[in-house]
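> In UniProt numbering, the protein residues as written are 1 to 377. All C-beta atoms in this analysis are idealised placements derived from N, C-alpha and C, irrespective of residue type, glycine included.
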Ligand SMILES: CC(=O)N[C@H]1[C@@H](OP(=O)(O)OP(=O)(O)OC[C@H]2O[C@@H](n3ccc(=O)[nH]c3=O)[C@H](O)[C@@H]2O)O[C@H](CO)[C@@H](O)[C@@H]1O
């Protein structure tokens, strides 16, 4: 089976990585990997280097975003149209039997739309979830173009069926980012403490705060509130810069001016191992929702980006208000009951066996007549 798949940013790579591993070792598959998006941009950490270090063959690199420009709502759309055009060329050239996309990320949307138009079956990972931001619309739109679905929870599976997807092609497999957590080898705490100049025996948070595209003009105020609270509390903080969605340029400027330690993007190994040692994750990353309960720590989730998403009870939801953020972080770091509860929380997004499940389905599912979709009622 010739599969075309892609990586646009660390958010899809953390989920694609375990699947790529399974696909590469199985002679049944011939994988064509395209790398695009912010993986190619220095300011976002050039994640393409991590993909190469992991040993995956990259078959094509397609530019998507203009480097060195402010990220706006309009620039997101222009990038989307650019990658839709070059991905269409790639699909014409490669003629895959199947396209594997996922999530709610621009290049994945473009590829899904292109492939569906070209009668190439699309398997989509992690549909059916709900969030805020433009991601909410992208995710559900992709599900309507895709033919095979790999949602991460039973709730998401049911929602896809309510959206008219045929249950015979909707498989609840969990979130493959949990596979990545389970598979990542341990790095000694002292090595990390030296590298990041941090003492993990003291309260330490990891901050990832992305813009919300529907509130992009508020990004600056939103991040300043969080930064001010962290500085008032005087807790140790590591900051991973946000993605390049509209409003991100303001967030990146303020983080760089804050005096906090920041990194464009950590490699999977470092990220997971930092996570194993921090006391709480703060911000609005999907990681706080999908991954933090596997680490048994609280997540302080700020604002609307993760609105209505299924979550474990280690997540503390707060508004953009400074007093609210402060109370949330204090609870996460210093409230014994909250910390104890987080240690025992069950993660609704799975146990780390997703990639194997996905590959099993891809090897057995019939693609005969699949591109002619029927609304399931
Ligand atoms: C609104 C929203 O949630 N949007 C989507 C976005 O998440 P979102 O944009 O929140 O994702 P992030 O960029 O915060 O990070 C996600 C992943 O990157 C990894 N990581 C993070 C920082 C770092 O320095 N190094 C590193 O490897 C983490 O393991 C994590 O799994 O993409 C996810 C995966 O496509 C989707 O599930 C989310 O629905």
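Following a CB-centred definition, is residue 11 positioned closer than 6 Å to any heavy atom of ligand 1?
yes
> Over the uninterrupted beta strand (DSSP E) stretch that includes residue 236, give me the two end residues.
236-240
> Between residue 131 and ligand 1, is there a pair consisting of the residue's CB and a ligand heavy atom that are separated by less than 6 Å?
yes
> Are the beta-carbon atoms of residue 105 and residue 30 separated by less than 7 Å?
no
> Assign residue 334 to one of two classes, buried (16 or more other C-beta atoms within 10 Å of its C-beta) or exposed (fewer than that).
Exposed, since its Cβ has fewer than 16 Cβ neighbours within 10 Å.
> Are residue 213 and residue 240 touching if we call contact CB-CB under 7 Å?
No; because the gap between Cβ atoms is not below 7 Å, this pair is not in contact.
> Where in the stretch 123-153 do unbroken runs of the beta strand (DSSP E), each at least 3 residues long, occur, reported from the N-terminal end onward?
148-150
> Taking 6 Å as the cut-off, does the CB of residue 285 come closer than this to any heavy atom belonging to ligand 1?
yes
> Quick check for students: name the residue ranges of the alpha helix (DSSP H) that lie wholly in the stretch 181-217, counting only runs of 4 or more.
189-196
> Out of 85, 81, 119, which has the shortest C-alpha to C-alpha gap to residue 99?
119
> Out of 289, 365, 50, state which residue places its alpha-carbon closest to the alpha-carbon of residue 208.
From the listed residues 289, 365, 50, the smallest Cα separation to residue 208 is found for 289.
> With respect to 6 Å, is the separation between the Cβ of residue 295 and the closest non-hydrogen atom of ligand 1 below this value?
no
> Could you check if residue 240 belongs to the surroundings of ligand 1, using beta carbon to heavy atom distance under 6 Å?
yes
> Hey, out of 52, 282, 361, 14, whose CA is closest to residue 303's CA?
282
> Quick one, which of 232, 318, 348, 203 has its alpha-carbon nearest residue 177's?
348
> Is residue 301 a contact residue of ligand 1, with contact defined as CB to any heavy atom under 6 Å?
no
> List the endpoints of the continuous alpha helix (DSSP H) containing residue 290.
Start and end: 286-290.
> Short check: CB of residue 123 to CB of residue 148, under 7 Å?
yes
> So who's on the other strand from residue 220, going by DSSP bridges?
In DSSP, residue 220 forms no bridge with anything.
> Leaving aside the five residues before and after residue 370 along the sequence, list all residues of the same chain whose C-beta is less than 8 Å from its C-beta, in chain order.
121, 147, 148, 169
> Alpha carbon to alpha carbon, how far is residue 325 from residue 226?
7 Å
> Would you mind stating whether residue 62 and residue 86 have Cβ atoms separated by less than 7 Å?
yes
> Going by DSSP, what residue range makes up the alpha helix (DSSP H) through residue 280?
From DSSP, residue 280 is part of no alpha helix (DSSP H) but of the beta strand (DSSP E) over 280-283.
> What are the boundary residues of the beta strand (DSSP E) that includes residue 62?
60-62
> Mapping DSSP to helix, strand and coil, what is residue 261?
Of the three classes helix, strand and coil, the one that applies to residue 261 here is strand, per DSSP.
> Pairs of beta-carbons, one from the stretch 139-159 and one from the stretch 107-114, closer than 8 Å: are there three or more?
yes
> Decide if the stretch 179-191 is in contact with the stretch 259-271; the criterion is three or more beta carbon pairs, one per stretch, under 8 Å apart.
The stretch 179-191, when compared against the stretch 259-271, does touch it at the 8 Å Cβ threshold.
> I want to check one thing, is the minimum distance from the CB of residue 172 to the heavy atoms of ligand 1 below 6 Å?
no
> For residue 264 versus residue 251, is the C-beta distance shorter than 7 Å?
no
> Buried or exposed for residue 306, please, with buried defined as at least 16 other CB atoms from any protein chain shown within 10 angstroms of its CB.
buried
> In this structure, how does DSSP classify residue 2 when only helix, strand and coil are distinguished?
strand
> Could you give the DSSP three-state label for residue 316: helix, strand or coil?
strand
> Just curious, the beta strand (DSSP E) that residue 388 is in, first and last residue?
There is no way to answer for residue 388, as the model of the chain reaches only from 1 to 377.
> For residue 138, which residues of its own chain have a beta-carbon under 6 Å away from its beta-carbon, when the five flanking residues on both sides are left out?
So the list reads 104, 109, once near-sequence residues are dropped.
> Candidates 300, 44, 317: which alpha carbon is nearest residue 278's?
300
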